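The structure under discussion appears below in the form of structure tokens.
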Amino acid sequence: MKAPATLPYRHVLTLPTVPASVSLARRTAQVAYAGWDIRPSRHVLDTALLMLSELVTNSVRHAAAVAPQLTVTYAAGQDALAFAVHDRHPHRPDAASFTDGPGGLGLIGELTTELGGAFSVLPDADGGGKNIWIVLPTRPGQRGTGSTERSVRGTS
48 MKAPATLPYR HVLTLPTVPA SVSLARRTAQ VAYAGWDIRP SRHVLDTALL
98 MLSELVTNSV RHAAAVAPQL TVTYAAGQDA LAFAVHDRHP HRPDAASFTD
148 GPGGLGLIGE LTTELGGAFS VLPDADGGGK NIWIVLPTRP GQRGTGSTER
198 SVRGTS
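Residue 48 is where the sequence shown starts when you use our numbering, and the numbers rise one by one after that.
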């Protein structure tokens, strides 16, 4: 699976940490991927939009009190699409949240694995926030490394 940094297309969107940002993040994803002529299977795109919605919703629900804004980064190439949601809440979910956790992150982990993708949680350099990245192959059954990244140290 390609790392998000190696994908040739990128778009960054900063939004207020409010419920209306969920639908705007989804619509922007659809427009960005179509504009780059990235044509994932319908199943991959629908699943990616669901996961993106869940990540933005998590930021709205849990980070709004400390983070008035969130940032969504979209990236893509012919073989993969990726997105990240960044907020400045200091809590960073661990790998167990994506593999054994109930609710949204558990669902995201399950869907990412089902599609042969990867997720990572990248902390801000100052520890005051994080990026949660999802990378998915554009076609079902297309497998990358087959591994799911755990928490990764570094800067976002």
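Where a beta carbon is used, it is the ideal one built from N, C-alpha and C, also for glycine. Computed from a predicted structure; not experimentally measured.
Compute the Euclidean distance between the alpha carbons of residue i and residue j, then round it to the nearest angstrom.
i, j, result
"R186", "D147", "26 Å"
"P115", "V107", "9 Å"
"L60", "P51", "16 Å"
"V132", "S167", "11 Å"
"V119", "V103", "8 Å"
"L96", "R135", "22 Å"
"D141", "L152", "10 Å"
"M98", "P137", "21 Å"
"E157", "F145", "7 Å"
"A172", "N178", "11 Å"
"L41", "S68", "This structure leaves residue 41 out entirely; the chain is present only between 48 and 203."
"T75", "P87", "16 Å"
"L62", "T160", "28 Å"
"I85", "G175", "33 Å"
"R73", "G150", "20 Å"
Could you pull the DSSP bridge partners for residue i from this structure?
i, result
"L117", "L62"
"N178", "H133, L169"
"P184", "A127"
"R57", "A122"
Terminal residues of the continuous alpha helix (DSSP H) containing residue i?
i, result
"H109", "89–110"
"I155", "150–161"
"R73", "67–82"
"A52", "Segment: none, A52 is in no alpha helix (DSSP H) and carries neither H nor E."
Can you list, in chain order, the residues of its chain whose CB lies under 7 Å from that of residue i, leaving out five sequence neighbours each side?
i, result
"L54", "A122, A123, G124, A127, A129"
"P66", "V107"
"H58", "A79, Y121"
So with Cβ pairs under 8 Å, would you call residue i a contact of chain D?
i, result
"H58", "Chain labels in this structure do not include chain D; a single protein chain is all it has."
Sorted by chain position, which residues of the same chain lie with C-beta nearer than 8 Å to residue i's C-beta, five sequence neighbours on each side aside?
i, result
"T64", "S106, V107, A110, A111, A114, P115, Q116, L117, D134"
"I181", "A95, M98, L99, L102, A129, F130, A131, I155, T159, G164, A165, F166"
Between which residues of its own chain and residue i is the CB-CB distance below 6 Å, once the five residues before and five after are set aside?
i, result
"P170", "R139, K177"
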